[in-house]
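Note sheet for the following structure.
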Amino acid sequence: MKQIKLLSIFLILFSAILFTSCDSESIDPELSGVDDGGDNGGIDNGGGNGNGGNNGSTSGDYWPMALNNKWVFNSNGMEEEMKITGTQTVEGTSYYKVNQLFSSAGVVGNATTLLRKNNGSYAVRIGVVIPGTQGGPTITISPYEFIILKDNLAVGQTWTQNVTQTTSYSIPGIPPIEMVVNYTGTIVEKDATITVNGETYTNVIKSKLVQTYTGGAMTTNYWFAKNTGPVKAESTTTGGVNSTLVSYDVN
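Take 19 as the starting number for the sequence shown in my numbering and just add one per residue.
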């Protein structure tokens with residue numbers, strides 16, 4: 019049971035470490051569930067709730083979302099493509115589906131990864147199913163959702179969420195295990211310039227996302243370039259996956 023619980027913890031942490039078109043219509047005008055006004059800037063889907071700072075209107079498009087948009091990342095020496103492959107509606111909310119979040123490094127099982135944005139909030143929703151092998155149980159991690167960026171906050175402003183992850187096992191008599199992870203995001207820089215793999219990007223927002231869970235914490239820094247998307251993800255945790263943008267094609 020201890021091994022199963024450790025695997026569950028690894029999978030929820032993976033989501034924050036990693037990171038042409040026949041239809042370029044944006045979904046975000048139809049989105050709901052992210053409140054960017056007042057003090058409540060969180061997302062309720064997937065068991066999360068959050069609070070943001072004094073939110074204003076979006077300052078631009080820092081993760082262009084359209085069908086077939088793609089980004090190629092070098093993740094710890096291996097190049098992999100992250101591509102928007104379709105759309106999906108969950109309980110009336112529209113999402114874009116990606117084949118993976120930045121990298122497949124360390125992934126166990128089948129992950130469904132969805133993206134959405136509303137005004138200045140960019141959210142990731144992940145669910146995982148690990149099929150049973152050699153007589154072992156099937157493990158299902160219920161979808162959970164967290165904000166990875168809020169472009170409408172000023173430098174130094176933060177947002178927080180408490181996200182509940184539920185892990186179930188196909189073994190009679192074993193109840194689901196719930197784990198609460200706190201996400202705290204901070205805008206570190208705005209209008210920055212960064213050079214990644216020889217390419218210089220301007221109008222960059224750097225954010226920091228800290229995950230706190232029972233027994234530990236993990237910090238990941240992200241850089242998002244206006245009209246490009248994520249250009250770099252860097253984990254400060256030993257063994258984390260660091261990703262840098264090699265090329266991209268967006269609409």
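Cβ atoms here follow ideal geometry from the backbone N, Cα and C, with glycine treated the same way.
Bear in mind the structure is a predicted one, so any value in this text is a computation, not a measurement.
What's the C-alpha gap between Tyr-140 and Met-197? 23 Å
Nearest-angstrom Cα separation, counted from Gly-95 out to Lys-168: 29 Å
Under DSSP, the beta strand (DSSP E) around Phe-91 begins and ends at which residues? 88-93
Which residues does DSSP list as the beta-bridge partners of Ala-243? Val-222, Gly-247
Of the residues Val-249, Thr-254, Val-268, Thr-220, the one placed nearest Val-91, counting alpha carbons only: Here the sequence assigns Phe to residue 91, which means Val is not the residue at that position. The shortest C-alpha separation from Phe-91 is found at Val-249.
Given this structure, state the Cα-to-Cα distance separating Thr-213 from Tyr-219, to the nearest angstrom. 6 Å
Using only CA atoms, which one of Gly-247, Thr-185, Asn-200 lies nearest to Pro-193? Thr-185
Given a cut-off of 8 Å, decide if Asn-137 and Thr-76 are closer than it, judged by their beta-carbon atoms. yes
Proximity to Arg-134 [Cα-Cα], best of Ser-160, Trp-177, Asp-79: Asp-79
Limits of the beta strand (DSSP E) - the one that Pro-161 falls within: 157-168
Nearest-angstrom beta carbon gap, Asn-87 and Asp-267 [assumed within contact, 8 Å]: 7 Å
Endpoints, the beta strand (DSSP E) within which Tyr-266 is located: 261-267
Which residues bound the beta strand (DSSP E) around Tyr-187? 176-187
Going by beta carbon distance, what residues of the same chain come within less than 7 Å of Ser-265, once the five residues before and after it are set aside? Val-90
Ala-141, DSSP secondary structure in three states: strand
Confirm, please, whether the CB-CB distance from Gly-104 to Gly-119 is below 8 Å. One point to set straight first is that residue 119 is Leu, not Gly, in the sequence displayed. Contact flag unset, no.
Quick check on Gly-104: does DSSP put it in helix, strand or coil? strand
Secondary structure of Gly-216, DSSP reduced to three states: coil
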